[in-house]
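Contents: one structure, followed by commentary.
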Amino acid sequence: MPRNRLCTSWRIKRHLPTVGANVQDHLILTAFVFEMRMGNEIITSDTIRDPKFQSKLREAYGDVGGLLALVMTGLTFLPIQSFSERAAALIQAQTEKFAREAETYPPGLKEQYAVQLEMLKKENVPDIEVVVFPFSLKPDDSGRPFVGLLPSIGHPFSRGTIHVASADPKAQPEIEPNYLAEQIDLETLVDAFKFLRKVTDTDPFKIVSTCYPRCY
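What follows is the structure, encoded as structure tokens:
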């Protein structure tokens, strides 16, 4: 938190301006949800809400529960080189940006970015996680099955902040996630979205889903 704001509430013993300034959140795109075609025996949380279907599941599986009973049905981890046709150009642009701005970064961030750049260049290090969710994030009462393919940035370059808002320890802090502040994060997510559109427009996914996703 800036020193001038701290002075209004606390006596400063040691000024550490970078505290609370290294927030990294794994932004996930939740808009890519598909309605699956009926008749393919695709089971999702939407179809499980049917009482008759619930009865059949109990007969088949008995008392199955717990936090991991039905959360996600698949995870895929992809390096940028596997889903972006312009991976080399994006990596080069980020490398040049780092070279230009390295001396302006606060303590610790320069070292972090150097490590992240090396990871970005490696084809065996994933940059995107694709989560397969067996439900719609905006459920309806139709009972139709929905599946979401949700890309998430694995190693964001954007940094946010979390700072105290007052001297009251029970008061909510001021949170600024600063999503997509770095262009590389936006471009990575855009290319992941394009890649997933290509995947869903290809068999076998194409023949079991509707043509377009339900975007919210």
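Using our numbering, the first residue of the sequence shown is number 4, and each one after it goes up by one.
Beta carbons: idealized from backbone N, C-alpha and C, even for Gly.
Just so we're clear, the structure is a prediction, and the values are computed from it rather than from any experiment.
Taking just the CA atoms, how far does residue 208 sit from residue 195?
When rounded, the distance between both Cα atoms is 17 Å.
At what residue ranges does the region 110-169 contain a whole run of the alpha helix (DSSP H), taking only runs of 4 or more?
Within the region 110-169, the complete alpha helix (DSSP H) runs of at least 4 residues are 112-124.
Among the candidates 29, 156, 87, whose CA atom is the shortest distance from the CA of residue 202?
Among 29, 156, 87, the Cα nearest to that of residue 202 is on 87.
Is it right to say residue 239 is buried, meaning 16 or more other beta carbons lie within 10 angstroms of its own, or is it exposed?
Only positions 4 to 219 of the chain appear in this structure, which leaves residue 239 out of reach.
Quick check: residue 213 and residue 140, are their CB atoms within less than 7 Å of each other?
Cβ atoms of residue 213 and residue 140: not closer than 7 Å.
So, is the C-beta of residue 211 closer than 7 Å to a C-beta in chain C?
As a matter of chain content, chain C is missing from the structure shown, which is built from one protein chain.
Residue 210: beta carbon under 6 Å from a heavy atom of the ligand FAD?
Ligands are entirely absent from the displayed structure, and the ligand FAD is therefore not among its contents.
Can you pull the DSSP bridge partners for residue 39?
According to DSSP, which records beta bridges pairwise, residue 39 is partnered with 212.
Could you please give the first and the last residue of the uninterrupted alpha helix (DSSP H) stretch that includes residue 187?
From DSSP, the alpha helix (DSSP H) with residue 187 extends over 186-203.
Judging by CA-CA distance, which residue of 13, 30, 170 is the nearest neighbour of residue 182?
The shortest Cα separation from residue 182 among 13, 30, 170 belongs to 30.
Along the chain, where does the alpha helix (DSSP H) that runs through residue 83 open and close?
It spans 83-86 - the alpha helix (DSSP H) in which residue 83 sits, taken as one unbroken run.
Decide if the region 157-172 is in contact with the region 119-126; the criterion is three or more beta carbon pairs, one per stretch, under 8 Å apart.
Touching, per the Cβ criterion.
Counting only the same chain and skipping the five closest in sequence on each side, list residues whose C-beta sits under 6 Å from that of residue 154.
These residues qualify, in order along the chain: 32, 131, 133, 195.
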